[in-house]
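In my numbering, the protein residues as written are 1 to 384. We put the beta carbon where it would ideally sit given N, CA and C, even for glycine. Quick caveat: nothing in here was measured; it's all calculated off a predicted structure. Contents: one structure, followed by commentary.
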Amino acid sequence: MARVSERWAGVPMAFQALRAAQRAAALRGERAPRYPDPPPVGRWAPDVLGAGFEARTLPLADDDEGEAVATLVRYTGAPRRALGTVAVAEHAVPPGTVPDARAPAPRRHAAVLYVHGWNDYFFQVGLAQFWHRQGVAFYALDLRRYGRSLRAHHTPGYVEDLATYDEELDAAFAVVRDEVGADAGLVLMGHSTGGLVASLWANRHPGALRALVLNAPWLELQGSELMRAVTTPVVEQLARLQPKAPLPTVDPGYYARTIDVATGGEWTTDRRWRLSPSMAVRPGWLRAILEGHAQVAEGLTIDAPVLVLVSARTLISAMWSEEMRASDIVLEVELIARRAVQLGPVVTVVRVDGALHDVVLSRPEVREVAYAAIERWLTAYLPA
């Protein structure tokens, strides 16, 4: 009984913190921003990323907040002008990524679908160009309540079960198969929370993928499995009573500082879609994440070969340091590497020195190392 009491001791304090966070949000009087007009349903239209990118809305079944949608983006490989750092619809494209003058590799009869992470959306232009150079058709998905799929009536980023995303993943792959061919090899790529979503989807869909590529996937709670065991009962209690109430969190904005062009990074993003401080963490969502972590800890049986890219080191600190521009300051990479081998029988882990949490947003010379690693891996598991 003593052990049970210890595990539940944090519940009253958690409720006090929850009420404090709710009062703070009420005092701020925050209002949902006005989002850009969504892309059309059933057909492609020019995307906010500019020439070479198109988007379409994928209608989903209504949920407890009404209309639910996802957004599919594709890259057509259209030429672009070289003007150093090019701003396109509020997005900065670093030098070296436009135009993409290198000739594509021999065509692989394949397509990749990219899934973003928490507090994020697809804007990684260089990633699309890399896959295009490999002869692979590139698509990206903005999940429901994120990015291009976010509507004024939505609770940003919120779901109560990660399997909910099966609906948009299935819908996206249906479009991909229709365009690339039913016999095309399908590759799923996920970053951070999207990597967890992609891993669980692949585990539930044996035989569906030719390959799974993960960019710093969130496979375990920071701290350890013990931390998850202690945290889970508190989160479950909060999720039962107030699943959408914002939890008290601290985001000093260091990760955004490493990314944003205005603070020494290379990228300009839409602040309505990629918030700083981050969008609110809510108990119902966090419970879904913890359940996903528990499934990974038990061991998955993904039958496709898996590539996992992570930074060579983690640096999580309350104080800013320039070393954060060459580290994962969001997740613990040692935990990711240990959990990665539990995804399936064929897993390759690549540690990229100097990488950020989103490896493909790292400095140019670092992301080139990451792209070279993916290219070598594709030679074995997705040959031309």
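C-alpha gap between Pro383 and Arg367, whole angstroms: Between Pro383 and Arg367, the C-alpha separation is close to 22 Å.
Leu196 vs Pro217 beta-carbon contact at 8 Å: Yes.
Identity of the residues DSSP links to Asn119 by a beta bridge: Within the DSSP bridge table, the entry for Asn119 names no partner.
At least three beta-carbon pairs within less than 8 Å, the stretch 349-364 to the stretch 312-322: Yes: the two stretches touch, three or more of their Cβ pairs being nearer than 8 Å.
In DSSP terms, what Glu54 is bridged to: The secondary-structure analysis by DSSP pairs Glu54 across a beta bridge with Pro46, Arg74.
Same chain, Cβ closer than 7 Å to Val369, five either side skipped, listed in chain order: Excluding residues within five positions, the ones whose Cβ falls inside 7 Å are Val352.
Outcome for His153 when other beta-carbon atoms lying within 10 angstroms are tallied against a minimum of 16: That one is exposed.
Beta carbon of Pro248 nearer than 8 Å to that of Arg282: No, Cβ-Cβ distance for Pro248 and Arg282 is not below 8 Å.
Proximity of Val296 and Glu236 at Cβ, strictly below 8 Å: No, the Cβ-Cβ distance between Val296 and Glu236 is not below 8 Å.
Per-residue DSSP class, three states only, for Gly135: Note: Gly135 maps to coil in three-state DSSP.
For Tyr114, three-class secondary structure by DSSP: DSSP places Tyr114 in strand when its eight states are reduced to three.
Straight-line Cα distance separating Thr258 from Met319: Approximately 14 Å, taken between the alpha carbons.
Arg144 to Ser317 span [Cα, whole Å]: The straight-line gap from Cα to Cα measures roughly 32 Å.
Neighbour-count burial assignment, Thr379, 16 or more Cβ in a 10 Å radius: By the 10 Å Cβ count, Thr379 comes out exposed.
Proximity to Gln222 [Cα-Cα], best of Thr232, Val180, Val159: Closest option to Gln222, judged by alpha-carbon separation, among Thr232, Val180, Val159: Thr232.
Ser131 versus Leu72, Gly77, Leu331, Lys244, residue with shortest Cα-Cα distance: Note that residue 131 corresponds to Trp in the displayed sequence, not to Ser. Nearest in C-alpha terms to Trp131, of all of Leu72, Gly77, Leu331, Lys244, is Gly77.
Per-residue DSSP class, three states only, for Leu214: In the three-state reduction of the DSSP assignment, Leu214 falls in the strand class.
Element boundaries [alpha helix (DSSP H), containing Arg367]: Element bounds for Arg367: 364-381.
CA-to-CA distance, Gly157 to Ile374, given in whole angstroms: In this structure, the alpha-carbon of Ile374 lies about 29 Å from that of Gly157.
Leu356 classed as buried or exposed, judged by whether at least 16 other C-beta atoms fall within 10 angstroms: It is buried - the Cβ of Leu356 has at least 16 other Cβ atoms within 10 Å.
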